[in-house]
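Residue numbers (the working numbering): 1 to 690. Beneath this line is the structure, given in structure tokens, with notes to follow.
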Ligand code: FAD
């Protein structure tokens, strides 16, 4: 008799587990982020699970829980790396957990032989990441209380913590700082330092590596752990599904979840379930050969998605075909790209990060961040699987020597395939278990764009304004190209019937899995933001948005123009814009003229051209020139909005505003800085920076 699918799956799982046990996983290409995330929902793995963390760890036999608060996947990735390392080096029974999945009022009952890690990203203006909001409110709350009323409540809790932040933001690493403070106040004992990684300085990975060694030493001492020679242990088993081909209807070829596979994708559309949206218009808005800026209109009328002016749209990109080919080729997987596999967690708390059965091609193309910067720690892991001794020695050196790594890898923006190819001289890396790859690379992340339209004007059509990421790097042959923006560029070229003019054709699978994105569609979801116009249109506003920073302000000005046309009184609306040259990258030039007709003198647009004259002029200079007027507007409670470059521009604008306040009001700078800080606190000064 025939086995039905369920039987086959169950049998396969048993087979994988047994074989993995006997071979210690050596024969297995195994997969990802064991410990990662969201697709588990759609795979049904979350069904019936408990929110009681104590119950969970007892049932799973764990003594080390690694919680993450993650927005873009980095904190989640660090959490899984810590989990793997804790297990392989120190024999800890680790599990990774999403902060959103548990309750915290019984933390006081955690047995003393356990330890909790918190890996916490700070988001936006010092906010918790979406998945950490409840935990954060609970633990820092005034009236936090636990199930037993010991004093202090968390006197027996041991914890370790690391924060991911960006020093260009006002509230640098405030999540880890505030959670650490709250836990200490509740009597918990921190082990090692509360680490802080700085994305602003570009040192996140190095900060993490430098923090974790002394932390492990302190933890080993405290818990009496003995370090052992780290052994690579895969967390997922992969079974080849011989009865299936890529044309079998149950095989995922890049569909994000079951509904999409079955062709019945329904809302709610969100970070776990994208809407496959039609792009109804796409065009180039720069007048210059070597740089591209895309304007796109995404139609959401077929979904129940909605947006508000100032929100963000997330684009779910597809990796470039060329990069998928390089990756599969150097890893010796090219021939097997369409082999159908099932992926199974070999460890009870691990979650499969993408739906299966699927193919190597689909995983690499739709689910893995194969072009991102490579972690040095991962290079060390891969040394063990090098095809020859000299490649192994080189990988070991790259893994150990930060400066050497920079010189050879980071400087050129090489991705994993590029690195492996160079290290081995093209020899295939056949021995790398697929698991190690998926564990070492993050999940392909959606990219966010500040919506550049007004929901009052076009509620069902979202505008995007995106500069295409492409850089020539000295010493590197091909240009470095960004993932999502080049995918969008390819969509635009397809839509307008343009040949791909680039010399290095990236070959995107434009039509998506099973041609489901044909007719120019792109997977999206909408994220709501706090970047909002004042509800009273008569309030004056000052917007500062050079380059693509102008995106949300196109929406703001569109909205104010409509309000004026509708007969409302619209307050002063000043937009400080900046670009290189009027003739090259002055975005939406004719549109601003139109808005001016509706808004009249209420609308002004000072422009700083950085390459149009003898002197480089930036938005900060223009602000300074108008000190008197800016100060008067601030005194009238004008709202200030800054969008775009977080590293330099936003920071300098902040400084200049404080200088203006100080000079114009004749008060000390420190006092003026305090005033600007208070403006931020009361939302009179808002940022949308990246
Ligand atoms: P990616 O491939 O993600 O590369 C981005 C950068 O990462 C590169 O420039 C490089 O510095 C680094 N990098 C990537 N790979 C490597 C490597 N192998 N080695 C070294 N470095 C590497 N952008 C807009 O154009 N318009 C907007 O309106 C806009 N709004 C945004 C709003 C928010 C809230 C945020 C967070 C971002 C916004 N962005 C916007 C930026 C946007 O999300 C993307 O980051 C940007 O478009 C680049 O995406 P990409 O996939 O093309 O590039």
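Each residue gets a CB set at the ideal place from its N, CA and C atoms; glycine is no exception.
Looking at the ligand FAD, does it come within less than 7 Å of residue i, judged from the CB to the closest heavy atom?
i	result
residue 548	yes
residue 312	yes
residue 467	yes
residue 292	no
residue 413	yes
residue 153	no
residue 483	yes
residue 371	yes
residue 690	yes
residue 268	no
residue 530	no
residue 450	yes
residue 410	yes
residue 479	no
residue 317	yes
residue 167	no
residue 447	yes
residue 486	yes
Starting from residue i, follow its DSSP beta bridges and name the residues at the other end.
i	result
residue 273	270
residue 461	299
residue 118	67, 161
residue 240	341
residue 293	467
residue 314	448, 525
residue 686	641
residue 96	66
residue 123	127
residue 252	358
residue 278	521
residue 544	576, 642
When the Cα of residue i is compared with those of the options, which residue comes out closest?
i	options	result
residue 549	646, 103, 299, 524	646
residue 438	279, 351, 230, 162	351
residue 299	158, 194, 180, 520	520
residue 564	664, 539, 334	539
residue 443	452, 491, 370, 385	370
residue 509	141, 366, 424	366
residue 376	227, 137, 441	441
residue 422	364, 330, 363	330
residue 574	682, 623, 193	623
residue 282	671, 223, 462	462
residue 288	495, 583, 209, 613	583
Report all residues from its chain with a CB closer than 8 Å to the CB of residue i; omit the five preceding and five following residues, and keep chain order.
i	result
residue 427	387, 388, 391
residue 285	293, 294, 295, 465, 587, 588
residue 396	380, 383
residue 617	578, 608, 609, 610
residue 75	68, 69, 119, 120, 121, 129, 164
residue 339	240, 359, 360
residue 533	309, 310, 541, 556, 559, 560, 639
residue 511	517, 518
residue 636	540
residue 91	225, 226, 228
Who are the Cβ neighbours of residue i in its own chain at under 6 Å, not counting the five residues just before and after it?
i	result
residue 418	none
residue 304	267
residue 467	293, 548
residue 503	Only weak support exists for where residue 503 lies, its pLDDT of 46 falling under 50; the coordinates are left without a value.
residue 155	187
residue 116	65, 159
residue 291	none
residue 523	274, 276, 316
residue 480	413, 471, 473
Taking 7 Å as the limit between beta carbons, can you name the residues of its chain near residue i, skipping five residues before and five after?
i	result
residue 409	374, 398, 419
residue 690	646
residue 43	Note on residue 43: pLDDT 35, under 50, position unreliable in the model; no value is reported.
residue 206	402
residue 99	67, 68, 69, 131, 132, 135
residue 592	605
Let me see if you follow: with CB-CB separation under 8 Å, is residue i close to chain C or not?
i	result
residue 552	Protein chains in the displayed structure number just one, and chain C is not present.
Can you tell me whether residue i sits near the ligand SAM, meaning its C-beta is under 7 Å from at least one heavy atom of the ligand?
i	result
residue 643	This structure does not include the ligand SAM; its bound ligands are the ligand FAD.
*Mind pulling the beta strand (DSSP E) runs of 3 or more residues that sit fully within the region 579 to 637?*
607 to 609
*Which parts of the region 396 to 466 are runs of the alpha helix (DSSP H), unbroken and 4 residues or longer, counting only runs that do not cross its ends?*
402 to 408, 416 to 424, 434 to 440
*Would you mind listing the alpha helix (DSSP H) stretches within the region 161 to 198 that are 4+ residues and don't spill past its ends, in chain order?*
174 to 185
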